[in-house]
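Reading through the structure tokens given below for one structure.
2 protein chains.
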Amino acid sequence: MSLAPWRSPLSRSLHLNRSLPHSRYLQLATITKEGRPANRTVVFRGFFPDSNQLQIVTDTRSEKISQIKHQPWGEACWYFVKTREQFRLAGKLTLVSEDCADRILQQARLRAWQQLSDSAKKQFAWPDPGKTRTEEEQAFASAQVTADKPLPNFCLLLLNPEMVDRLELRGNPQNRWSYSLDSDSQTWLTRSVNP
Amino acid sequence: MSLAPWRSPLSRSLHLNRSLPHSRYLQLATITKEGRPANRTVVFRGFFPDSNQLQIVTDTRSEKISQIKHQPWGEACWYFVKTREQFRLAGKLTLVSEDCADRILQQARLRAWQQLSDSAKKQFAWPDPGKTRTEEEQAFASAQVTADKPLPNFCLLLLNPEMVDRLELRGNPQNRWSYSLDSDSQTWLTRSVNP
């Protein structure tokens, strides 16, 4: 697979903003069953090897799971504070949960689990997210987790962009590019567009 | 109108993050005609007077206009870097463009225009956003704008939240609240929920 033309500017942004931990946070929009948008912050966990797919992790108990099963298209908006750049990345989302039979994807799920901090791992043992909070603090503290086996509700989520919009707010006028993947030839078209 | 219960924590977050200009940036998700999510960064321009509606400004030539006309529901995701808090605000969007007959809304549109910086005003005179860039730099520089009359394509956008999700990442466990507006009684219900 060839590196998409938006990968190099995105790598540059990640590098220039690397001193800010939140530069790896992006907002992922999906669609609810009622046809309304949902939008939340997620953490970028690197690219799936030899691909242009962004890795994110999530909990199978979260609302986005049923949303993605119903409509797998998502759009991420990633704003870099220091360099004042925005990337919008639209494409199909793939859920890699415990029952995924693909060995390569399952290996990636295990690797993503292993790379989580202990406190992030433990969140997957917390009571059901979004439900009314009734439990004592110890329900959140007592989890035992191991590195070699992800908890069953741990899910890897892949975003495979087909349309990318890149905006540099610095400069007068600003600069903006549109990247689109041609589905037949699997080649990317890059256009300079008006900001 | 009464202040929604999420207004006070949001004001607090804005205050605590006020040293960071980008703390007024949030990501607004809408739906395309094809039923896919769209997501971009917008700037919070304060609340519409005596309401819980967030003010945003936009250009009638931007793609979100037709999206909102087709499906007026949106969800904004607002992450505060310094205090590590997230607000998700879902509700109906209202476009206030040049042809809006409501006098109060039209006054708010004028006020929003007047409060823009000169360079932000001039962006509304730039060539069509998103179109292939063919014009010279001077096409972006030559605009004349006046404070007393918004350009015809200047649009005020209001987000009237009916569901708000608030997450504090600080703390172990984290804290999370769900706020929902009862449409009959127009009162807000607040629940503490699992993070």
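If you read the sequences in order, they're chains E and Z. Last residue of the first sequence? That's 1646 in the working numbering, and every number before it is there in order. Last residue of the second sequence? That's 1646 in the working numbering, and every number before it is there in order. Ideal placement from N, C-alpha and C gives every residue a C-beta, glycine not left out. Since the structure is predicted, the reported quantities are computational estimates derived from the model, not experimental observations.
Determine the chain A residues that contact residue i at a beta-carbon separation under 9 Å, and present them in chain order.
i                       : result
residue 1583 of chain E : The chain inventory of the structure shown lacks chain A, comprising the protein chains E and Z.
Thinking residue i and residue j are a contact (beta carbons under 8 Å), I'd like their distance in whole angstroms, please.
i                       : j                       : result
residue 1477 of chain E : residue 1552 of chain E : Between residue 1552 of chain E and residue 1477 of chain E the Cβ distance is about 29 Å, and since that is not below 8 Å, they are no contact.
residue 1506 of chain E : residue 1563 of chain E : 6 Å
residue 1631 of chain Z : residue 1644 of chain Z : The Cβ separation is near 11 Å, so there is no contact.
residue 1608 of chain Z : residue 1544 of chain Z : 6 Å
residue 1626 of chain Z : residue 1646 of chain Z : 7 Å
residue 1547 of chain Z : residue 1576 of chain Z : Not quite, the Cβ-Cβ distance comes to about 19 Å (not below 8 Å), so this is no contact.
residue 1606 of chain E : residue 1493 of chain E : Actually they are not in contact, since the Cβ atoms of residue 1606 of chain E and residue 1493 of chain E sit about 12 Å apart, beyond 8 Å.
residue 1456 of chain Z : residue 1639 of chain Z : 5 Å
residue 1587 of chain E : residue 1624 of chain Z : 10 Å between Cβ atoms; not a contact.
residue 1578 of chain Z : residue 1590 of chain Z : 5 Å
According to the neighbour-count rule (16 or more other Cβ atoms, all chains shown, within 10 Å of its Cβ), is residue i buried or exposed?
i                       : result
residue 1464 of chain E : buried
residue 1598 of chain E : exposed
residue 1469 of chain E : exposed
residue 1574 of chain Z : buried
residue 1542 of chain Z : buried
residue 1503 of chain Z : buried
residue 1634 of chain Z : exposed
residue 1400 of chain Z : Since the first residue shown for chain Z is 1452 and the last is 1646, residue 1400 of chain Z is missing from the structure and cannot be characterised.
residue 1570 of chain Z : exposed
residue 1554 of chain E : exposed
residue 1572 of chain E : buried
residue 1592 of chain Z : exposed
residue 1474 of chain E : buried
residue 1621 of chain Z : exposed
residue 1642 of chain Z : exposed
residue 1497 of chain Z : exposed
residue 1601 of chain Z : buried
residue 1567 of chain E : buried
residue 1461 of chain Z : buried
residue 1610 of chain E : buried
The alpha helix (DSSP H) that contains residue i, what's its start and end?
i                       : result
residue 1563 of chain E : 1554-1566
residue 1458 of chain E : 1458-1467
residue 1514 of chain Z : 1514-1521
residue 1571 of chain Z : 1569-1574
Grab the span of the beta strand (DSSP E) containing residue i for me, first residue to last.
i                       : result
residue 1510 of chain Z : 1505-1510
residue 1643 of chain E : 1639-1644
residue 1535 of chain Z : Looking at the DSSP string, residue 1535 of chain Z is not in any beta strand (DSSP E), and its letter there is neither H nor E.
residue 1487 of chain Z : It is not in any beta strand (DSSP E) - residue 1487 of chain Z carries neither H nor E in the DSSP assignment.
I want to check one thing, is the minimum distance from the CB of residue i to the heavy atoms of the ligand FMN below 7 Å?
i                       : result
residue 1498 of chain E : Only the bare structure without any ligand can be found here, which leaves the ligand FMN out of the picture.
Is the number of C-beta pairs between the segment 1525-1545 of chain E and the segment 1606-1626 of chain E that are closer than 8 Å three or more? yes
Could I get the ranges of all uninterrupted alpha helix (DSSP H) runs contained in the segment 1581-1633 of chain Z, with 4 residues as the minimum, in chain order? 1589-1592
Determine contact between the segment 1466-1485 of chain Z and the segment 1487-1496 of chain E, defined as no fewer than three beta-carbon pairs at a distance below 8 Å. yes
Determine contact between the segment 1576-1595 of chain E and the segment 1512-1525 of chain E, defined as no fewer than three beta-carbon pairs at a distance below 8 Å. yes
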